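Reviewing the structure listed below.
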Amino acid sequence: MEDETVRNRIRAEIARNDVVLFMKGTPQIPQCGFSAAVTEILSHLGVSFTGVNVLEDDAIRQGVKKFSNWPTIPQLYVTREFVGGCDIVREMYQSGELQKLLQDKGVTVGK
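Going by our numbering, the first residue of the sequence shown is number 543, and it counts up by one from there.
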């Protein structure tokens with residue numbers, strides 16, 4: 543039952559916000575280099591996003607890994623779709639694929 547509650551909390555978070563980053567720390571104060579890198583990319587693009595600090599809730603930290611079937615944090619979701627972790631986001635950004643995905647999903651890119 544607890545797993546279902548956690549899944550529902552994760553679903554609600556990604557349903558409420560177009561761009562969600564499950565991360566260590568906050569967008570203002572990332573607590574790991576990988577979370578900082580994804581935050582920097584999104585900020586550089588001028589994308590408004592919600593950061594969920596998994597360090598504040600171990601159930602969310604473990605639950606999001608099960609939810610996405612992805613073993614690491616950070617995890618980026620765009621319009622309810624799991625995009626990937628730091629390496630994938632970085633590669634997509636460098637190739638222009640991330641910018642295209644955001645635009646195709648109707649997410650405002652400020653830069």
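Even for Gly, the Cβ is constructed at its ideal location relative to N, Cα and C. What you are looking at is a predicted structure, and each value in this text was computed from that prediction instead of being measured.
- Rounded to whole angstroms, the gap between the alpha carbons of residue 581 and residue 572 is 8 Å.
- Taken through DSSP and simplified to helix, strand or coil, residue 589 comes out as coil.
- For residue 579, same chain residues with a beta-carbon under 7 Å away, outside a window of 5 residues either side, are 628 and 632 in chain order.
- Comparing alpha carbon positions, the residue from 609, 620 and 548 closest to residue 590 is 620.
- A direct Cα-Cα distance of roughly 6 Å separates residue 622 from residue 557.
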